[in-house]
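Here the protein sequences line up with chains A and B, keeping their order.
Taking the UniProt record's numbering, the leading residue of the first sequence gets 1, the next gets one more, and so forth.
Taking the UniProt record's numbering, the leading residue of the second sequence gets 1, the next gets one more, and so forth.
We put the CB at the ideal spot given by N, CA and C, even for glycine.
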Amino acid sequence: MTALRRPSPARDDAPKAEAGGDKGVDSEETGQYGLPGGPRRVAAALLFRRAGHQPGARTFLARQHTPHPFHMTRPFHFPDDPPGMATLYLQSSSGGLYGDDDLTLDIWAEAGAAAQITTQASTIVHAARGGVTRQTVRLRADSGALLEYLPDPVILFPGADIAARVEARVAPGAVAMLSDSFLAHDPDGADARFLRFENAIVIHRGAVVEDGWAEDGAAAPTLVDRMRLAGACWPGRGTAVQDFRCHGAFFLVNPPDGARAVEAMRAALLAVEQSGTDSGGTGGESRAYSAVEHMPGRGIVAARFLTRDGALLSRMLNEVAAAARLAVTGWPPARRPK
Amino acid sequence: MATGMGTGTAMDDAALYKVSVWLSPAFPVGGYTYSHGLEWAIEAGEVRDAESLRDWLETCLAHGAGRSDAILLAAAWRAACADDRAALATVEELAAALSPSRERALETHQQGQAFARTAAAVWPEAALDGATLRYPVAVGWTAGRHQVPLRATLICFLQAFAANIVSAGVRAIPLGQTDGQRVTAALAECAVAIAGEAETAPLDEIGGAALRIDLASLHHETQYSRLFRS
């Protein structure tokens, strides 16, 4: 089973993973933690296809290339989801991300397919120990597809140094949702910090060329969101207020009715924000800040939030995604066990 | 006649005059109508005096649009010196895509158009016909075509960026004029450091984390009573 064809070099500094065969790790250099041997480059790929052309036809996994440390469940079809929609859980068989990991995951929803890709739990980014952890996810949604990429928050442990990227190519008539979130945590409680967090979200809207991920010279990015954060600055005045240690973003691309979607998403986040207000000693101080905006010229509804704790962050991610799904499809998301 | 600028970089007096004109509050780009989300932060009580205004602006410069725009300006300047229209297009595409909100997109787009229009009318010899350029890209391209040194352009640009937001703060908080000038003066070291970094930083190094400021920009759109367009 062959992997999807590789792209020509992207326009900016996307970390690259080399194309792999079917057997697993691609590079002969399997060093970890900055030891001689180089980064561990691994590429995975998923292709979702609709069985037949009738509306509601079941989406299935037509191609899968998932070498270690990638691990996936089989696709599920929840009865309360839009008809035919497949859900797949990403897992890690290595317990998280490490220095010198260079992982790429390509996810492609062909025309008319409907798929949600989520995670079993948060991804822990461990201390890099002299290396740099790289993770790249490339999403492609062809015309009529619904593609949801909704991972749990990334948790940055002390010493983590990660460059992450999510790139989405969304064709006319396709709808995509993607979430991106992180929080920092020191399990020893010593206030040790992560080193660096670089995170890029790049969204292209427009025609997608036929041959895999080949660069479409006419498709300038619609939205580029780049975060560069040193652990010493997090949380800090301006970057985040006081102890709002958790950040999330959610993007809805090509909603059929953006105005309706933004109102639904805004109401959902406001409800969480208001329910998250501290009572008693803190005098009703909010535990979250959020905002939603419709950018009609770009065909994007964007939501951003800051929270004081990871539980509230996850709740905001879930609620905003649910509101977006309902606004776009008329179907609320089925409850997904994790 | 060359004039030393204290950094060892000689600068033509005519170039100094031009960059001072372009980035003066009197240059008609409508900068006074934009607060970069500050108006919401004042409404929310997060910026309420000179000290908090300075904090806000330092974050803008170091972690937000100040640094990002400076790198974009430098890239456009280099494209201008090489007369490389393809490179300019790349910079402009990225500048357009980087705006985190509709109001911030408006802010950079409208100011860029106004700048390019006036610069082309007054100095037609270096105009770029028919192009839509975001504000830092327009300034960088124009400075490059007029051979204004990059470092000076960056420092003046960042000074103007900060001073414009200070002006918004003076009006909206409100602050006294002298306190406003103290805030602007206090940002000199930060602005100069960012200019130095942006001079050589590639486009790949654009990125920041002015998260509260980005949120403020989103909130400003639905703020009940507004003086500013952003």
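> By the criterion of Cβ-Cβ separation under 8 Å, what are the contact partners of residue 221 (chain A) in chain B?
Replying inline: Using a Cβ-Cβ cut-off of 8 Å, residue 221 (chain A) is close to 93, 94, 97 of chain B, given in chain order.
> Just curious, the alpha helix (DSSP H) that residue 40 (chain B) is in, first and last residue?
Replying inline: Bounds of the alpha helix (DSSP H) holding residue 40 (chain B) are 38-43.
> Closest to residue 100 (chain A) by CA distance: which of A:79, A:203, A:110, A:125 is it?
Replying inline: Answer by Cα proximity: A:125.
>> Measuring only the C-alpha atoms, how far is residue 44 (chain A) from residue 59 (chain A)?
In response: Approximately 19 Å between the Cα atoms of the pair.
>> Let's test the definition: count the other Cβ atoms within 10 Å of the Cβ of residue 74 (chain A) and tell me whether it reaches 16, buried, or not, exposed.
In response: Under a 10 Å Cβ-count criterion, residue 74 (chain A) is classified as exposed, with fewer than 16 other Cβ atoms of the shown protein chains found around its own Cβ.
> For residue 224 (chain A) versus residue 253 (chain A), is the C-beta spacing smaller than 9 Å?
Replying inline: Between residue 224 (chain A) and residue 253 (chain A), the C-beta gap is not smaller than 9 Å, which leaves the two residues out of contact.
> Which chain A residues are close to residue 102 (chain B), counting only those with a beta carbon under 7 Å from its beta carbon?
Replying inline: Here the neighbours are 293, 295.
> In the DSSP assignment, what are the bridge partners of residue 134 (chain A)?
Replying inline: Answer is A:102, A:163.
> Just reading off the beta strand (DSSP E) that residue 59 (chain A) is part of, what are its end residues?
Replying inline: Under the DSSP assignment, residue 59 (chain A) falls in the beta strand (DSSP E) whose first and last residues are 59-65.
> Can the beta-carbon of residue 245 (chain A) be found less than 9 Å from the beta-carbon of residue 184 (chain A)?
Replying inline: In this structure, residue 184 (chain A) lies closer than 9 Å to residue 245 (chain A) by Cβ.
> Which partner residues of residue 225 (chain A) appear in the DSSP bridge assignment?
Replying inline: Per DSSP, the beta-bridge partners of residue 225 (chain A) are A:201.
> In whole angstroms, what is the alpha-carbon distance linking residue 39 (chain A) and residue 156 (chain A)?
Replying inline: Their Cα atoms are separated by approximately 19 Å.
> With burial defined as no fewer than 16 other Cβ atoms inside 10 Å of the residue's Cβ, what is the status of residue 145 (chain A): buried or exposed?
Replying inline: Buried, since its Cβ has 16 or more Cβ neighbours within 10 Å.
> What first and last residue would you give for the beta strand (DSSP E) that runs through residue 156 (chain B)?
Replying inline: No beta strand (DSSP E) holds residue 156 (chain B); the alpha helix (DSSP H) holding it covers 150-172.
>> Report the CB separation of residue 92 (chain A) from residue 67 (chain A) in whole angstroms; it is logged as a contact under 8 Å.
In response: About 12 Å separates the two Cβ atoms, so there is no contact after all.
> Where residue 193 (chain B) and residue 50 (chain B) are concerned, what is the direct C-alpha to C-alpha distance, given to the nearest angstrom?
Replying inline: Computed Cα separation, rounded: 22 Å.
>> Spatial neighbours of residue 103 (chain A) within its chain, please: C-beta separation below 6 Å, excluding the five flanking residues on both sides.
In response: So the qualifying residues of the chain are 42, 135.
> So the beta strand (DSSP E) residue 91 (chain A) belongs to, where does it begin and stop?
Replying inline: 86-92 is the extent of the beta strand (DSSP E) around residue 91 (chain A).
>> I want to know whether the segment 169-184 of chain B touches the segment 15-30 of chain B - three or more CB-CB distances under 8 Å.
In response: Put simply, the segment 169-184 of chain B does not touch the segment 15-30 of chain B. Fewer than three CB pairs are less than 8 Å apart.
> Does the beta-carbon of residue 32 (chain B) have 16 or more other beta-carbons within 10 angstroms, so that it is buried, or is it exposed?
Replying inline: Exposed, because fewer than 16 other Cβ atoms sit within 10 Å of the Cβ of residue 32 (chain B).
>> Residues of chain B with CB closer than 8 Å to the CB of residue 224 (chain A), please, in chain order.
In response: The answer, in chain order, is 94, 97, 98.
>> I'd like to check one pair, residue 314 (chain A) with residue 247 (chain A): are the Cβ atoms closer than 9 Å?
In response: No; because the gap between Cβ atoms is not below 9 Å, this pair is not in contact.
> Cα-Cα, which of A:293, A:64, A:87, A:232 is closest to residue 192 (chain A)?
Replying inline: Each of A:293, A:64, A:87, A:232 was checked against the Cα of residue 192 (chain A), and the nearest Cα belongs to A:232.
> Is residue 142 (chain B) near residue 80 (chain B), with beta carbons less than 9 Å apart?
Replying inline: Contact: yes.
> Is the shortest distance between the beta-carbon of residue 148 (chain A) and the beta-carbons of chain B less than 9 Å?
Replying inline: No, residue 148 (chain A) lies away from the interface with chain B (no Cβ there is under 9 Å from its Cβ).
> Looking at C-alpha atoms only, which residue of B:207, B:189, B:215 is the closest neighbour of residue 71 (chain B)?
Replying inline: Ranking B:207, B:189, B:215 by Cα distance to residue 71 (chain B) puts B:207 first.
> Which first and last residues belong to the beta strand (DSSP E) in which residue 48 (chain A) is found?
Replying inline: From DSSP, the beta strand (DSSP E) with residue 48 (chain A) extends over 40-50.
>> One question on the structure: do residue 265 (chain A) and residue 323 (chain A) come within less than 9 Å of each other, judged by their Cβ atoms?
In response: Going by C-beta atoms, residue 265 (chain A) is nearer than 9 Å to residue 323 (chain A).
> Which stretch, first to last residue, makes up the alpha helix (DSSP H) that contains residue 312 (chain A)?
Replying inline: Unbroken alpha helix (DSSP H) run through residue 312 (chain A): 310-329.
> Where in the segment 85-146 of chain B do unbroken runs of the alpha helix (DSSP H), each at least 4 residues long, occur, reported from the N-terminal end onward?
Replying inline: Annotation: the segment 85-146 of chain B contains the following complete segments of the alpha helix (DSSP H) (minimum length 4 residues), in chain order: 85-98, 102-122, 135-145.
> Does the beta-carbon of residue 142 (chain A) have 16 or more other beta-carbons within 10 angstroms, so that it is buried, or is it exposed?
Replying inline: Buried, by the Cβ-count rule.
>> Judging by CA-CA distance, which residue of A:317, A:301, A:319, A:77 is the nearest neighbour of residue 102 (chain B)?
In response: Closest option to residue 102 (chain B), judged by alpha-carbon separation, among A:317, A:301, A:319, A:77: A:301.
> Hey, would you say residue 87 (chain A) sits closer than 9 Å to residue 77 (chain A), going by beta carbons?
Replying inline: Yes, these two residues count as a Cβ contact at 9 Å.
> Is the Cβ of residue 207 (chain B) closer than 9 Å to any Cβ of chain A?
Replying inline: Against chain A, the CB of residue 207 (chain B) has a partner CB under 9 Å away; the residue lies at that interface.
>> Give me the subset of the segment 109-135 of chain B whose CB atoms are less than 9 Å from a CB atom of chain A, sorted by chain position.
In response: Taking 9 Å as the Cβ-Cβ cut-off against chain A, none of the residues of the segment 109-135 of chain B qualify.
>> Taking contact to mean 3 or more Cβ pairs, one atom from each stretch, closer than 8 Å, check whether the segment 119-129 of chain B and the segment 151-162 of chain B are in contact.
In response: No: the two stretches stay apart, fewer than three of their Cβ pairs being nearer than 8 Å.
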